[in-house]
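Here the structure is laid out as structure tokens; the discussion comes afterwards.
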Amino acid sequence: MKKTLKTLVVSGALVLAGVALPAPLANAVGEGPNHDGNGQITTSKLATYDEMVDFLKKQDASQERMELEVIGQTVKGRDIHLVKYLTDPSKPTILYLTQQHGNEQLTTEGAMEFIKHLGTGKSGGILDGVNILIVPMLNADGAMGDVNFPLDDYIAKGERHLTRYNAEEVDLNRDHVAKIQPETQALHNNVMRKYPIDYMIDLHHQGSRSERDGQLVSGSILYPTTPNADPAVVEKSKQLGAVVFNSVDPTGWGHLGKYLGGDAETISRNGIAVEYGIATLLFEMRGMSDHYLDDYALGLRSNGYLIKQTVLTLTSTAAAIADGSITTADTTFWETLATQTSRPGEEADGE
Ligand SMILES: [Zn+2]
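Numbering (the working numbering), first residue to last: 151 to 501.
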């Protein structure tokens, strides 16, 4: 009885002091169920390409400020969509890109949820201060497993397999200098070169066994690391990362590490920062929707947290740009944020 009372008093003092109590560990997505634990990998809960397009068309019909544009076609002829909220040319613009890698789908699910919120009072007010561009599911062929190579060794159950590569077995996030694939061309010709974009978040998923400070992460982040990027652009990118870190890491279920990324400009995080002077952030969420490696695919019981992590990331960054607070975001946390490491058994794949 005494102990209970003391606990209550301490908790009360923390609440009064404005200290957020961490959620129980059981709720942390980083330590959440893996596929070989009590999770199951299945693609049946994921939106198909057609379901996503139906959703976008319905939102376009019902949202006054939203515009939907087709910016090109995939190798297999699927239309690639751009969602536009261009409310005021004098305001800054952010681009959110999802699913360059087809087997990294929860970022797209989160982007769809965010689009829904922008049409309601929930997040609609943000649009007064920022222009928002969203390219969801850039690699639709990979997302639907409609590719010119076999996926027999992929492990997810469900109606389809999802793969990193596009239909020609090319990694789209290594095509940002040569720009050979139709998906990459659509992005560069009809988005990057057409709009005055200030910020971009490139949303991905990584393996399931990366950790920071001994705890599995819910994701990892990184700014442009090529020496050719303008230092001012890198600093803006670090501010974008600060907004994400400060929104996600203290939630109790979010736990972020620093991604160990390369300097190649074929990667969008680097190439787009150099070519267009856009501040870029890579966000890698935990686990993939499908893979041929056990340690990469993650059970569907983590889906809810990862979708929520995406919605929080998009909402917090759009809001911080809209109210200008991003320009004073403190970037010193990057100096102490530990680079994530992988638990034994995980092979490197790369953003
Ligand atoms: Zn990826």
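Positions of the beta carbon are idealized from the N, C-alpha and C atoms, including for glycine.
Local Cβ density within 10 Å of residue i, reported as buried at 16 or more and exposed below that
i	result
K458	buried
N378	exposed
K408	buried
K344	exposed
V220	exposed
P374	buried
E217	exposed
K195	exposed
S475	exposed
G421	buried
E485	exposed
S240	exposed
T270	exposed
G275	exposed
F395	buried
K386	buried
G295	buried
V160	Unreliable placement is indicated for V160, whose pLDDT of 37 sits below 50; no coordinate value is reported for it.
G227	exposed
Residue i versus the options, residue with shortest Cα-Cα distance
i	options	result
A447	Q249, G274, T313, S358	S358
G364	L410, G275, T489	T489
N453	M435, H338, G427	M435
V280	I244, F264, H267	I244
L301	M294, K307, H311	H311
K266	L462, K226, F205	F205
S212	K386, L232, L268	L268
K388	K234, L487, M294	L487
R215	Y199, K234, K386	K234
I471	D348, M262, F264, G292	D348
D291	T401, Q255, L277	Q255
M350	I230, L277, T463	T463
V297	D238, V225, T237, S273	V225
F264	D473, A468, T477	A468
T477	K207, G308, L390, E425	L390
T193	Y246, G227, K307	K307
E309	I230, D473, T198, V461	T198
T207	I230, R314, E319	According to the sequence as given, residue 207 is Lys; it is not Thr. Closest by alpha carbon: I230.
V203	T237, M262, L236	M262
Own chain, CB closer than 7 Å to residue i, minus 5 neighbours either side, in chain order
i	result
A392	A479, D480, T481, F483
N289	Q249, Q250, H251, G252, N316, L322, E333
L432	D352, H354, I371, L372, Y409, G411, R419, E501
D325	Q331, T334, T416
H441	N253, Y304, I305, A447
P346	T243
D380	G427
Per DSSP, cross-strand counterpart(s) of residue i
i	result
N281	T243
H267	In the DSSP output, where bridge partners are listed per residue, H267 has none listed.
Q365	R362
I234	In the sequence under discussion, the amino acid at residue 234 is Lys, which differs from the Ile named in the question. In the DSSP output, where bridge partners are listed per residue, K234 has E217, L283.
Y349	I244, A429
Q356	R436
Q223	D229
A502	No answer is possible for residue 502: it lies beyond the span of the chain, which begins at 151 and ends at 501.
I371	K408, F433
T489	K408
Cβ-based neighbour list, residue i, same chain, cut-off 6 Å, excluding 5 preceding and 5 following
i	result
G187	Caution applies to G187, whose pLDDT of 46 falls short of 50 and renders its modelled position unreliable; the value that the coordinates give is listed next. So no residue of the chain qualifies.
T258	T248, Q249, P286, M287
Q383	Note on identity: in this sequence residue 383 is Val, with Gln being the wrong assignment. So the qualifying residues of the chain are A423, G427, A429.
A176	Only weak support is given to the placement of A176: the predicted model assigns it a pLDDT of 40, under 50, and the value that follows is read from those uncertain coordinates. Nothing listed; no residue qualifies.
S360	V367, Q490, S492
P494	none
R362	G407, A488, Q490
T401	none
D210	M216, L218
T465	S273
Sequence-distant residues of its chain with Cβ nearer than 8 Å to residue i (five each side left out)
i	result
D368	Contrary to the premise, residue 368 reads as Ser rather than Asp in this sequence. Excluding sequence neighbours, S368 sits near A178, V179, G180, V398, W403, G404, H405, L406, M435, R436, Y455, L456, Q459.
L232	L218, E219, V220, I221, L283, I284, V285, N340, V341
V327	E415, T416, G421
H338	H326, K329
Residue i Cβ short of 7 Å to ligand 3 heavy atom set
i	result
E333	The ligand content of the structure shown is limited to ligand 1, which means ligand 3 is not among them.
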